[in-house]
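Undergrad: If you're matching positions, the sequence shown starts at 54 in our numbering and goes up one per residue.
Every residue, glycine too, gets a C-beta built ideally from N, C-alpha and C.
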Amino acid sequence: MKKFYYLLIFIFLFLPISVFAEEILDFQVNIKVLKNSDIIVQEKIIYNFGNEQRHGIYRDIPYKYSARGGNYKLDIKVLNITDENNNNLNYNINKNNNYLNIKIGDADKYVSGRKIYIINYQINGAINYFKDYDELYWNITGNDWNVNINNIKAEIIMPDDISNSDIKAECFTGYQGSKDSACDKNIETNSIYFQAKNFLAKQGLSVVVGWPKGITAEPSFFIKLYKKIKDNLILLLPVLVLIFLYNYWRRHGKDPLGAGTIMPEYEPPANILPAEAGVVIDEKMDTRDLTATIIDLANRGYLKIKQEDKKALGFSIGKDWQLLLTEKSIANLSGFEKKLINILFDNDREVFLSKIKKNNKLAQEIKDIKNSIYDKVVEKGWFEKNPNKIRATFSGIGLGIIFIAGFFIEILIGGAFSALFIISIIISAILFIIFAQFMPKKTKAGAEIKEKLQGLKMFLSATEKDRVKFHFSPQAHPEKFADYLAWAIIFKVEKEWANVFNGIDMPAPDWYVGIWTGNYTAWVMINFLSSFGSSFNKTLTSAGAGAARGASGFGGGGFSGGGFGGGGGGSW
Numbered sequence: 054m055k056k057f058y059y060l061l062i063f064i065f066l067f068l069p070i071s072v073f074a075e076e077i078l079d080f081q082v083n084i085k086v087l088k089n090s091d092i093i094v095q096e097k098i099i100y101n102f103g104n105e106q107r108h109g110i111y112r113d114i115p116y117k118y119s120a121r122g123g124n125y126k127l128d129i130k131v132l133n134i135t136d137e138n139n140n141n142l143n144y145n146i147n148k149n150n151n152y153l154n155i156k157i158g159d160a161d162k163y164v165s166g167r168k169i170y171i172i173n174y175q176i177n178g179a180i181n182y183f184k185d186y187d188e189l190y191w192n193i194t195g196n197d198w199n200v201n202i203n204n205i206k207a208e209i210i211m212p213d214d215i216s217n218s219d220i221k222a223e224c225f226t227g228y229q230g231s232k233d234s235a236c237d238k239n240i241e242t243n244s245i246y247f248q249a250k251n252f253l254a255k256q257g258l259s260v261v262v263g264w265p266k267g268i269t270a271e272p273s274f275f276i277k278l279y280k281k282i283k284d285n286l287i288l289l290l291p292v293l294v295l296i297f298l299y300n301y302w303r304r305h306g307k308d309p310l311g312a313g314t315i316m317p318e319y320e321p322p323a324n325i326l327p328a329e330a331g332v333v334i335d336e337k338m339d340t341r342d343l344t345a346t347i348i349d350l351a352n353r354g355y356l357k358i359k360q361e362d363k364k365a366l367g368f369s370i371g372k373d374w375q376l377l378l379t380e381k382s383i384a385n386l387s388g389f390e391k392k393l394i395n396i397l398f399d400n401d402r403e404v405f406l407s408k409i410k411k412n413n414k415l416a417q418e419i420k421d422i423k424n425s426i427y428d429k430v431v432e433k434g435w436f437e438k439n440p441n442k443i444r445a446t447f448s449g450i451g452l453g454i455i456f457i458a459g460f461f462i463e464i465l466i467g468g469a470f471s472a473l474f475i476i477s478i479i480i481s482a483i484l485f486i487i488f489a490q491f492m493p494k495k496t497k498a499g500a501e502i503k504e505k506l507q508g509l510k511m512f513l514s515a516t517e518k519d520r521v522k523f524h525f526s527p528q529a530h531p532e533k534f535a536d537y538l539a540w541a542i543i544f545k546v547e548k549e550w551a552n553v554f555n556g557i558d559m560p561a562p563d564w565y566v567g568i569w570t571g572n573y574t575a576w577v578m579i580n581f582l583s584s585f586g587s588s589f590n591k592t593l594t595s596a597g598a599g600a601a602r603g604a605s606g607f608g609g610g611g612f613s614g615g616g617f618g619g620g621g622g623g624s625w
């Protein structure tokens, strides 16, 4: 008798787990493939609530995927939801986290035991198109059901009669990613049948059916492009950013017109220094402009430049450059010129570039000088705002976007963000960086002074034919060569300027002490400038340095849960 009671207790404690637990008794799916490539899906779900008192079931169907090179959305239209007697059932639809959520039932009513739910929906965009065939790769149940599924049946119906030999079919069963094929399949004239049994929660059935080209209509290139853009509106971001930046540049960055003509100028404009001219020309203050400033200061009598042989144990080991400060007062120099002299000489009268390079504060001090020159061109009325700050603002926005995207790159890749999303963000950031170079805006006076500088550049780069036209004789004015060297450096035409004086004997400028054999010529000076400029540049720059993929399910690429559709569900 006691054994009988123990048996009853055992049955009471353990059998409910299997007998009364919720489960899907039968999951039947019928999919009709239409000639226009839409599919109509009917899911007949025989759900056993057991003794549970529930309101109904919910069905989650994925509609947004990271596939086909970006975000890809299925267009899903729920046609109706009924019971086995064709009675309409209450349901609500909403989209959440890339899923179409269908909630079936009545919040004011409870159900239990065995219930049948028939869900009919139509989908556009589920067919995959390949070179030699078209394909439906569909997750029949999905891998997100929280209950066991006892039996699964699926039928795929083609729009035309197709020879069995022209149809390819595969199935995959198990958990997400499984390549098991524990299912039966049968191919008939225009239908393909699949059946599988005994699925645990989170296990599912996926099927792949392929057929020859021409059975279903493939969308045109323009329809595909429209859908690509519609599903990936982030692609429009770079376009919108481009439109914004262009309009902003037209209103706030485009230079006004100057006089409208560029005529040869034989002398530099009044009240402008070479470094300032460099900023007016390209809106940037670079090392070349500082090199030109050194040459200009030397030509005006404030400095001397001497080339020296560096020796060790009596052998030459290279060249060094020595700057010598003259007795001429620097009181009348521009503020940034005084700063440059004070930084380079640091209370000495003579200094070698090799020594300047060891100044750990030089990089910051040179930055301060450049800022002083930017402020000066604004003060003189040639720019509306500091061009470097305007450029830095837009470049900073672009770099900031790239930094943030890079910081969250793992989240972006691992989340619902496609490669197109990341690419669109990066392109938008790059557009800010590109447009930053054009945002500094000159005033009308600045535009006019630039035209005069361009006229001077025409004169300095004159050819033999032009010299006659300009009525300029280099033989009569050999002193002009050294006087305009700094300006030729600014315009990057120092070689052209040397060609003007090619073959003319002339004295070396008193501010330059070089190492050469033979007569001094313009090309001797140009070679000197090239070597000095390279060394000076190195000195300044080195100082202080320190799921569904839209891919085929055949050929070993398929797995359970790898197609469109599927999802999961449960009760509520």
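Can you give me the Cβ contacts of A539 inside the same chain, cut-off strictly under 8 Å, excluding the 5 residues immediately before and after it?
TA: Only P327, A345, T346, I348, D349 and N352 meet the Cβ criterion.
Undergrad: Please report the straight-line C-alpha distance between I193 and G453, rounded to a whole angstrom.
TA: Roughly 45 Å between the two C-alpha positions.
Undergrad: Within the same chain, show all residues whose beta-carbon is closer than 7 Å to that of R444, passing over the 5 residues directly before and after it, in chain order.
TA: Correct list, in chain order: A489, Q490, M492 and P493.
Undergrad: Helix, strand or coil: how does DSSP classify Y301 here?
TA: Y301 falls in the helix class under three-state DSSP.
Undergrad: What is the residue span of the beta strand (DSSP E) that R112 lies within?
TA: Unbroken beta strand (DSSP E) run through R112: G109 to P115.
Undergrad: Is the region 134-143 touching the region 153-170, taking contact as three or more C-beta pairs under 8 Å?
TA: Contact between the region 134-143 and the region 153-170 is present, because at least three Cβ pairs lie under 8 Å.
Undergrad: Can you give me the C-alpha to C-alpha distance between A249 and D128, rounded to a whole angstrom?
TA: Between A249 and D128, the C-alpha separation is close to 28 Å.
Undergrad: Helix, strand or coil for A222 per DSSP?
TA: Correct three-state label for A222: strand.
Undergrad: Counting along the chain, where does the alpha helix (DSSP H) carrying L415 start and finish?
TA: That run of the alpha helix (DSSP H) goes L415 to E432.
Undergrad: Can you name, in chain order, every residue of its own chain whose Cβ lies under 6 Å from the Cβ of F439, other than the five neighbours on each side?
TA: The sequence given here has Asn at residue 439, not Phe. Once the five neighbours on either side are set aside, the close Cβ partners of N439 are Y427 and V431.
Undergrad: Look at the alpha carbon of Y125 and the alpha carbon of K280, and state the distance between them as a whole number of angstroms.
TA: Spanning the two alpha carbons is a distance of roughly 8 Å.
Undergrad: Going by alpha carbons, who is nearest to D187 out of N552, L593, K266 and G195?
TA: The residue with the shortest Cα to Cα distance from D187 is K266.
Undergrad: Restricting to Cα atoms, I'd like to know which of V332, G354, E76 and G178 is closest to A270.
TA: Selected option, being the one with the closest Cα: G178.
Undergrad: From this set, P317, I92 and D399, which residue's C-alpha is nearest Y190's C-alpha?
TA: Out of P317, I92 and D399, I92 has the C-alpha closest to the C-alpha of Y190.
Undergrad: Starting from the C-beta of F405, find all residues in its chain whose C-beta is less than 6 Å away, skip the five residues before and the five after it, and write them out in chain order.
TA: So the qualifying residues of the chain are D373 and Q375.
Undergrad: Assign L293 to one of two classes, buried (16 or more other C-beta atoms within 10 Å of its C-beta) or exposed (fewer than that).
TA: L293 comes out exposed.
Undergrad: W264 by DSSP, collapsed to three states: which one?
TA: In the structure shown, W264 sits in a strand (DSSP, three-state: E or B).
Undergrad: Among K206, N251, K497 and N89, which has the Cα closest to the Cα of A312?
TA: Ranking K206, N251, K497 and N89 by Cα distance to A312 puts K497 first.
Undergrad: What residues are listed by DSSP as bridge partners for R402?
TA: Paired residues: none, contrary to the question.
Undergrad: Could you tell me how far apart the beta carbons of N151 and Y116 are, in whole angstroms, since I believe they sit closer than 8 Å?
TA: About 7 Å; that satisfies the 8 Å criterion.
Undergrad: Could you pull out every residue in the same chain whose Cβ sits closer than 7 Å to the Cβ of K162, ignoring the five residues on either side in sequence?
TA: Within the same chain, K162 has close Cβ partners H108.
Undergrad: Give the single residue among I99, A330 and L506 whose Cα lies nearest to the Cα of I315.
TA: For the residues I99, A330 and L506, the minimum Cα distance to I315 belongs to L506.
Undergrad: With H, G and I counted as helix, E and B as strand and the rest as coil, what does DSSP make of T496?
TA: T496 falls in the coil class under three-state DSSP.
Undergrad: Nearest CA to the CA of T379: which residue from K392, A323, D401 and N201?
TA: Out of K392, A323, D401 and N201, D401 has the C-alpha closest to the C-alpha of T379.
Undergrad: For K357, which of helix, strand or coil comes out of DSSP?
TA: Here K357 sits in strand by DSSP.
Undergrad: Given a cut-off of 8 Å, decide if S259 and I210 are closer than it, judged by their beta-carbon atoms.
TA: Their beta carbons are not under 8 Å apart, which means I210 does not touch S259 by this criterion.
Undergrad: With a CB to CB cut of under 6 Å and the five nearest residues on each side skipped, what residues in its chain are close to G567?
TA: These residues qualify, in order along the chain: Q360 and F581.
Undergrad: Spatial neighbours of K88 within its chain, please: CB distance less than 7 Å, with the 5 preceding and 5 following residues excluded, ordered by chain position.
TA: So the qualifying residues of the chain are P212, T269 and A270.
Undergrad: According to the neighbour-count rule (16 or more other Cβ atoms, all chains shown, within 10 Å of its Cβ), is W264 buried or exposed?
TA: It is buried - the Cβ of W264 has at least 16 other Cβ atoms within 10 Å.
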